[in-house]
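First comes the structure, then the notes that go with it.
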Amino acid sequence: MGSTIKAEPMRILVTGGSGLVGKAIEHVVQQEGGKLEGEEWIFLSSKDGDLVDVGQTRAVFEKHRPTHVIHLAAKVGGLYQHMKENLLFLRDNLKINDNVLQTAHEMGVAKVVSCLSSCIFPENTTYPIDETMIHNGSPHASNFGYSHAKRMIDVQNKAYFQQYGHCYTAVIPTNVVGPHDNFSIENGHVLSALINKTYQAKKEGTPLSVCGSGAPRRQFIYSLDLGRLIIWVLREYKEIDPIILSVGEEDEVSIKEALDMITKALDYKGEIHFDTTQSDGQMKKTASNAKLRRYRPDVSFTPLREAVKMTCDWFEINYDKARK
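Take 3 as the starting number for the sequence shown in our numbering and just add one per residue.
Below, the structure is given as structure tokens:
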């Protein structure tokens with residue numbers, strides 16, 4: 003005789019749901035048929051509650067009663083904002099992460115998947131970096147506040163598992179590019195800020211000034227590729243230890259090479275000046291995706307040139323709201 007017991011429905015709460023990665027997950031769920039039967043997805047923005055405040059965090063959880071959480075919310079900024087405000091990034095992110103994880107614990111959430119960053123890895127290390135190397139030294143001085151706060155999620159995940167057996171884990175994406183990012187020239191991620199800068203230079207007929215030498219090398223993952231992988235982690239990945247979600251080492255490019263893709267996508271033909279009096283930040287942080295490949299040998303990634311073109315196209319269409 004077959005069982006008549008039905009599985010409990012999943013109510014997945016996505017913090018930071020209006021940001022780059024949250025919007026990508028929402029697209030996968032709503033536009034690509036990524037939502038499974040019995041799943042309910044709730045995408046939060048900062049308008050729904052300030053997660054720095056524990057009372058507001060609890061109110062959000064009480065309202066939605068999630069069974070699962072994808073934790074993307076963070077206080078983030080560009081390289082130069084991080085360099086100026088390390089303490090702010092440390093304190094706000096420690097509060098956000100502790101509020102989300104402790105409230106999830108108190109309310110019996112079955113699984114939490116948090117989003118870390120490749121900047122958490124030690125400045126002085128060997129390459130490629132992998133998931134075992136997170137705590138092997140100090141992060142780069144430019145964003146040590148943010149990096150240490152993000153590292154603590156990994157520490158908390160292990161502590162919640164040790165003390166309560168909770169399945170709290172984390173993903174570590176490399177640099178992300180895609181629609182719905184913060185395209186602020188001052189505070190945006192590197193490619194998004196460069197897209198805005200290039201667009202402005204083309205529009206105004208002025209030279210394009212780029213902070214730094216263009217020599218640092220980075221791996222970039224398209225936001226929709228990352229969104230699909232985070233959903234897979236939520237449903238299938240059973241480890242507490244984090245997993246790097248990234249293109250391969252062979253796909254690493256210099257900022258100058260990425261800028262070339264941007265200028266071609268936006269058809270910018272003007273002069274480019276690299277301001278080498280400005281900091282480059284960390285010169286490289288090459289990450290291994292070998293662990294991901296062991297789990298998902300079939301995984302494929304959108305080529306960066308194609309990802310940049312789609313992001314530039316989205317930015318041009320949404321220029322007025324995206325550039326702020």
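For every residue, glycine included, the Cβ atom is placed at its ideal position computed from N, Cα and C. Computed from a predicted model, the values in this text were never measured in an experiment.
Which residues in the same chain have their Cβ closer than 6 Å to the Cβ of residue i, if we skip the five residues on either side of it in sequence?
i, result
"residue 309", "179, 224"
"residue 37", "31"
"residue 231", "247"
With distance defined between alpha-carbon atoms, name the residue in the options nearest to residue i.
i, options, result
"residue 166", "107, 262, 282, 284", "107"
"residue 254", "215, 297, 306, 201", "306"
"residue 320", "198, 188, 174", "198"
"residue 91", "268, 23, 230, 189", "189"
"residue 186", "149, 53, 30, 317", "317"
"residue 196", "263, 65, 297, 66", "263"
"residue 281", "71, 261, 161, 215", "215"
"residue 279", "218, 213, 191, 88", "213"
Give every residue of the same chain whose Cβ lies closer than 8 Å to the Cβ of residue i, excluding the five residues on either side of it in the sequence, and list them in chain order.
i, result
"residue 125", "139, 140, 141, 142, 143, 284"
"residue 42", "11, 12, 13, 14"
"residue 293", "132, 133, 245, 246"
"residue 395", "The displayed coordinates of the chain run from 3 to 326. Any statement about residue 395 would go beyond what the structure contains."
"residue 268", "197, 200, 201, 204, 314, 318"
"residue 6", "Caution is warranted here: a pLDDT of 41 is assigned to residue 6, below 50, making its placement in the model unreliable, and no coordinate value can be reported."
Over the uninterrupted alpha helix (DSSP H) stretch that includes residue i, give me the two end residues.
i, result
"residue 106", "88-108"
"residue 225", "225-238"
"residue 287", "No alpha helix (DSSP H) contains residue 287, which DSSP labels as neither H nor E."
"residue 307", "306-319"
"residue 66", "56-66"
"residue 301", "It is not in any alpha helix (DSSP H) - residue 301 carries neither H nor E in the DSSP assignment."
"residue 29", "22-33"
"residue 74", "From DSSP, residue 74 is part of no alpha helix (DSSP H); its letter is neither H nor E."
"residue 201", "192-206"
Which of the three DSSP states, helix, strand or coil, is assigned to residue i?
i, result
"residue 44", "strand"
"residue 185", "coil"
"residue 114", "strand"
"residue 217", "coil"
"residue 123", "coil"
"residue 256", "strand"
How is the beta strand (DSSP E) around residue i delimited, first residue to last?
i, result
"residue 143", "Note, residue 143: premise wrong, no beta strand (DSSP E); not H, not E."
"residue 247", "245-247"
"residue 277", "274-277"
"residue 17", "12-17"
"residue 177", "177-179"
Confirm the yes/no value for this check: CB of residue i, any heavy atom of the ligand GDP, distance under 8 Å.
i, result
"residue 135", "This structure lacks the ligand GDP; in fact it carries no ligand of any kind."
Can you list, in chain order, the residues of its chain whose CB lies under 7 Å from that of residue i, leaving out five sequence neighbours each side?
i, result
"residue 289", "120, 130, 131, 176, 221, 246, 248"
"residue 227", "303, 304"
Original post:
Does the region 200-210 come within contact of the region 266-274, defined as at least 3 CB pairs closer than 8 Å?
Top reply: Below 8 Å, enough C-beta pairs join the region 200-210 and the region 266-274 to call them touching: three or more.
Original post:
Contact between the region 106-120 and the region 68-87: three or more CB pairs below 8 Å?
Top reply: With a cut-off of 8 Å, the region 68-87 and the region 106-120 count as touching, because enough Cβ pairs lie within range.
Original post:
Using 8 Å as the threshold, is the region 310-318 in touch with the region 176-192, meaning 3 or more CB pairs across them?
Top reply: Short answer: they touch.
Original post:
Is the region 52-65 touching the region 94-105 in the sense that three or more CB pairs, one from each, lie closer than 8 Å?
Top reply: Flag = yes, the region 94-105 and the region 52-65 touch.
Original post:
Is it a yes or a no for the region 151-168 touching the region 86-102, going by three-plus beta-carbon pairs under 8 Å?
Top reply: Between the region 151-168 and the region 86-102, the count of C-beta pairs closer than 8 Å reaches three or more; the two stretches touch.
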